[in-house]
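Asks:
Residue numbers (the numbering used here), protein chains in the order written: chain A, 1 to 311; chain B, 1 to 517.
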């Protein structure tokens, strides 16, 4: 990677780092609009994070270093993944053949530490949340990996930025149905992994029904700011992945492409907000079926591309 | 079947009636349980079971059994005394009639009376007995917090885990402690420990100024102020022998149904909040406020405080106001209909409601459930219809019944009741009878006992008021419907997923304060 390339990527990196809380704001505004309310100010997520960063942190005596490491490792893992996932332009900071596996496991690492930190508190609530998170995480992982297989076969690459890059436009022409299924699977993965309705309800105050929120109940101050930011970052990363797959841009769109992606991300947030505003959450024991649906979609897509590439 | 047979000693009274205390037949404490339980075989429902300390130091137990289809209540009593240094005891009812469980625990906790053979003998509200004698489970120790010292039912096993919720909750709700025995996500058993809001309300009802004690009745369960005031006024008016005017009765009915509408609409919205269904949650939340505002315009209080007093009501609804209210109710009827049609047509909503928190008809009968929770299990009971008083004698509201006993059924019963209350309001606001809205109640009949019932939006509230030989109130027993229904909630959770608890809880929406008194 040349210095010149780094210089062109860095401004984009700055925008990408600042963007995630704004997407949360777009979702909140959409939901407020559906409910006939004005909603919080656009910059509220930033204010909240700044406030949390200036606060002190309370640690329970029953916790160990694992509890303190949880939010930091999670955020670090996601930030590392962010260097390999194309967000606005097709460029990435780091990228090498096989990075797709690293990205998947960086997500898993972040989840692992969030879960361990939750278990570390010894609270029955957090244990319950951890068990749900792991169960549902296990079920959305196959969908993600099978989607990656489809992309790899379709683009003949194992480097994420290429797998979701311009060659996909050709793949949409040759194996369109498979791409459609992958987009569907990734949408479900996005909703599940970022704890949105119909899988989880990020707005609820009912601990017994929560998945993600209940695992972070004991975190406070800067730790909680990291968690909120990491959750927003995860939404942006998985959302970008989905957009790159669903709406591939041709090479050489330059600044127009970047602006278009920004717009698309905003629209994606609106769509997620609209889903949250118009349907109820699934009963918890139905969630596995929903996630299995994602695996079936990506499994079918895998079959299609494999047959096509050999046939 | 005839409710009262000639051979059995029972006294029949009706809602809003008063009788001499001496006329209540007394049975021996040994045969009390058998006697009361026999009323169940005749189709009775245990409406109230309470104790009263006698001047001699003993305890007099009173049982009130309701025969809803005949529209009557039957009373009997038994003296329980301590003999030979033994604590006072009698064979319990609960073993044969589970509906008595909370009442017998209450009596044991208040007076240290032992209900022998009670299968679930634990503190109900966690306080000392009135004379400091030890309760059956031991003397009261205020140094230990309730969840720490409560003998919770426990399930053992390798993968069984316990989840404790409350008494401080994440939402703005009343305090109560919930202890779940879980196997994974499945709830094997839920135990509910209340008592955090015990204010000792019943003695406060004895204030010599009837208007002051009506204030207390209104605050026993603040969201059912009108319902409680209505039952209290019925008992007091029975003792005073006063007949309120039809105009006052109509205004009371309007206030009661406005209260029901506000709460039912709010509950349906809260059910939607719990399942994350935003549009209905937001709109129903607003509509609840609209109904509260209607009550505000009638009496200056969103919760109908200070409207009902023994002898009538304090605020009139003039024809101009009635016309304005009627127009607003008609507008709200359309809006409510729209939102609820949308909500009940949403498959993702129905998928969450159906089959969640199921109670069978048998369970509901055994536990003696009341109100919408009972009607959702197919129990056809509604005080407005079974024991009508005031306006409900002339304007009949059909009873809304569902049969599936799940969250869906409890939601549908509320929906139906909303529709019927709206129709009632439109009718009553259209043309009201004339008459003075208030007449001072006058002296109470001495040595008497008056009974008042009302169908609050949660179910049957009941007041039994006693007078002494000077015609002063000497004892009042208040009952909020919640005391019947809390155990129903615990039973409904068995075998359910723990993540469905908030939804089940909301579908019952019981009063903590009303239970704790």
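All C-beta atoms in this analysis are idealised placements derived from N, C-alpha and C, irrespective of residue type, glycine included.
1. Give me the Cα-Cα distance between residue 3 of chain B and residue 42 of chain B, rounded to the nearest whole angstrom.
2. Three-state secondary structure (DSSP) at residue 49 of chain A?
3. If I measure Cβ to Cβ from residue 250 of chain B and keep anything under 7 Å in the same chain, skipping five residues before and after, which residues do I get?
4. Starting from residue 161 of chain B, find everything on chain A with Cβ-Cβ shorter than 7 Å and list it in chain order.
5. Mind checking who residue 160 of chain B pairs with in its DSSP beta bridge?
6. Along the stretch 360-380 of chain B, where does the CB come closer than 9 Å to a CB of chain A? Name the residues.
7. Note down, one range per segment and in chain order, each alpha helix (DSSP H) of at least 4 residues found wholly within the stretch 55-87 of chain A.
8. With DSSP as the reference, please indicate the residues paired to residue 78 of chain B in a beta bridge.
9. Run through the DSSP bridge pairs and tell me what residue 37 of chain A is partnered with.
10. What is the DSSP secondary structure of residue 505 of chain B, reduced to helix, strand or coil?
11. Let me check one thing: in DSSP terms, what residues is residue 463 of chain B bridge-paired to?
12. Would you give the residue range spanned by the beta strand (DSSP E) that residue 114 of chain B belongs to?
13. May I have a chain-ordered list of the alpha helix (DSSP H) segments no shorter than 4 residues that lie completely inside the stretch 90-149 of chain A?
14. In the DSSP assignment, what residue or residues form a beta bridge with residue 91 of chain B?
15. What residues from chain A crowd round residue 349 of chain B, counting only those whose CB sits closer than 7 Å?
16. Assuming residue 188 of chain A contacts residue 294 of chain A under a Cβ cut-off of 8 Å, what Cβ separation, rounded to an integer in Å, is found between them?
17. Would a check of beta-carbon distances place residue 173 of chain B closer than 7 Å to chain A?
18. Which word fits residue 23 of chain B, buried or exposed, when buried means at least 16 other C-beta atoms lie within 10 angstroms of its C-beta?
19. Would you identify the three-state DSSP class for residue 312 of chain B, choosing helix, strand or coil?
20. When Cβ atoms are compared, which residues of the stretch 25-44 of chain A fall closer than 8 Å to chain B?
21. Are the beta-carbon atoms belonging to residue 233 of chain B and residue 308 of chain B less than 7 Å from one another?
22. Using a C-beta cutoff of 7 Å, does residue 227 of chain A count as contacting chain B?
23. Report the three-state DSSP secondary structure of residue 103 of chain B (helix, strand or coil).
24. Taking the straight line between their C-alpha atoms, what separation do you get for residue 21 of chain A and residue 49 of chain A?
25. Answer yes or no: do residue 255 of chain A and residue 182 of chain A have a C-beta to C-beta separation smaller than 7 Å?
26. Identify every residue that forms a DSSP beta bridge with residue 438 of chain B.
27. Using DSSP with H/G/I as helix, E/B as strand and the rest coil, what is residue 379 of chain B?
28. Do residue 72 of chain A and residue 178 of chain A have their C-beta atoms within less than 7 Å of each other?
29. Report buried or exposed for residue 1 of chain A, applying the criterion of at least 16 other Cβ atoms within 10 angstroms of its Cβ.
30. Using the DSSP secondary-structure output, state which residues sit across from residue 191 of chain B in a beta bridge.
31. For residue 436 of chain B, count neighbouring Cβ atoms within 10 angstroms of its own Cβ and tell me buried if that reaches 16, exposed if not.
32. Anything in chain B within Cβ reach of residue 310 of chain A, meaning under 7 Å, just list it in chain order.
33. Between the stretch 217-226 of chain A and the stretch 50-69 of chain A, can you find at least three pairs of beta-carbon atoms closer than 8 Å?
34. Apart from the five residues on each side of it in sequence, which residues of its chain come closer than 6 Å, Cβ to Cβ, to residue 310 of chain A?
35. By Cβ distance below 6 Å, which residues in the same chain neighbour residue 188 of chain B in space, the five residues on each side in sequence not counted?
36. Whole angstroms are fine: how far does the CA of residue 273 of chain A sit from the CA of residue 82 of chain A?
Replies: Checking against the coordinates, here is how it stands:
1. Taking the second chain and counting its residues from 1, one reaches residue 3 of chain B at position 3. Taking the second chain and counting its residues from 1, one reaches residue 42 of chain B at position 42. With a pLDDT of only 45 at residue 3 of chain B, under the threshold of 50, the placement of this residue in the model should not be trusted, and no figure is reported.
2. Along the first chain, read from residue 1 onward, the residue named residue 49 of chain A stands at position 49. Residue 49 of chain A: helix per DSSP, three-state reduction.
3. By 1-based counting over the second chain, the position of residue 250 of chain B is 250. 391, 428, 432 and 433.
4. The residue given as residue 161 of chain B occupies position 161 in the second chain. Per Cβ cutoff of 7 Å: 124.
5. Counting from one through the second chain, the residue named residue 160 of chain B turns up at place 160. Residue 160 of chain B is bridged to B:183.
6. none
7. 65-82
8. Taking the first residue of the second chain as 1, we reach residue 78 of chain B at position 78. DSSP lists B:61 as partners of residue 78 of chain B.
9. In the first chain, the residue the question calls residue 37 of chain A occupies position 37. Looking at the DSSP assignment, residue 37 of chain A forms no beta bridge with any residue, so it has no partner.
10. Taking the second chain and counting its residues from 1, the one referred to as residue 505 of chain B is at position 505. Three-state result, residue 505 of chain B: helix.
11. Residue mapping note: residue 463 of chain B aligns to position 463 of the second chain, counting from 1. Looking at the DSSP assignment, residue 463 of chain B forms a beta bridge with B:452 and B:478.
12. Along the second chain, one-based indexing puts residue 114 of chain B at 114. Start and end: 114-116.
13. 99-120
14. Here the question's residue 91 of chain B lines up with position 91 in the second chain. DSSP output for residue 91 of chain B lists B:116 as bridge partner(s).
15. What you label residue 349 of chain B is simply residue 349 of the second chain in a count that begins at 1. Residues of chain A passing the Cβ test: 280.
16. Stepping through the first chain from its first residue, residue 188 of chain A is reached at position 188. Stepping through the first chain from its first residue, residue 294 of chain A is reached at position 294. Confirmed, about 4 Å.
17. The residue labelled residue 173 of chain B in the question sits at position 173 within the second chain. So, not an interface residue.
18. Position 23 of the second chain, counting from 1, holds the residue named residue 23 of chain B. With fewer than 16 other Cβ atoms within 10 Å, it is exposed.
19. Position 312 of the second chain, counted from the start, is the residue given in the question as residue 312 of chain B. Residue state, collapsed to three classes: strand.
20. 31, 34, 35, 36 and 37
21. Counted from its first residue, the second chain places residue 233 of chain B at position 233. Counted from its first residue, the second chain places residue 308 of chain B at position 308. Contact: yes.
22. Here residue 227 of chain A refers to the residue found at position 227 when the first chain is read from its first residue. Answer no: the Cβ-Cβ gap between residue 227 of chain A and chain B never drops below 7 Å.
23. Along the second chain, read from residue 1 onward, the residue named residue 103 of chain B stands at position 103. Looking at residue 103 of chain B - three-state DSSP - the assignment turns out to be helix.
24. On the first chain, position 21 is the one that residue 21 of chain A refers to. On the first chain, position 49 is the one that residue 49 of chain A refers to. Each residue's alpha carbon lies about 9 Å from the other.
25. For the purposes of this step, residue 255 of chain A is taken as the residue at position 255 of the first chain. For the purposes of this step, residue 182 of chain A is taken as the residue at position 182 of the first chain. Their beta carbons are not under 7 Å apart, which means residue 255 of chain A does not touch residue 182 of chain A by this criterion.
26. The residue you call residue 438 of chain B lines up with position 438 of the second chain. Residue 438 of chain B pairs with B:312.
27. The residue labelled residue 379 of chain B in the question sits at position 379 within the second chain. Residue 379 of chain B falls in the coil class under three-state DSSP.
28. On the first chain, residue 72 of chain A is found 72 positions in, with the first residue counted as 1. On the first chain, residue 178 of chain A is found 178 positions in, with the first residue counted as 1. No, they are not a contact pair.
29. For this step, residue 1 of chain A is matched to residue 1 along the first chain. In this prediction, residue 1 of chain A scores a pLDDT of 48, lower than 50, which makes its location untrustworthy; the coordinate-derived value is nonetheless stated afterwards. Exposed.
30. For the purposes of this step, residue 191 of chain B is taken as residue 191 along the second chain, with counting starting at 1. Residue 191 of chain B pairs with B:179.
31. The sequence position of residue 436 of chain B within the second chain is 436, counting from 1. Its Cβ having fewer than 16 others within 10 Å, residue 436 of chain B is exposed.
32. Within the first chain, residue 310 of chain A is the residue found at index 310, counting from 1. None at all; the shortest Cβ gap to chain B is about 41 Å.
33. yes
34. The residue labelled residue 310 of chain A in the question sits at position 310 within the first chain. No residues qualify anywhere along the chain.
35. On the second chain, position 188 is the one that residue 188 of chain B refers to. Only 155 and 181 meet the Cβ criterion.
36. In the first chain, residue 82 of chain A corresponds to position 82, counting from 1. In the first chain, residue 273 of chain A corresponds to position 273, counting from 1. Whole-angstrom Cα-Cα distance: 23 Å.
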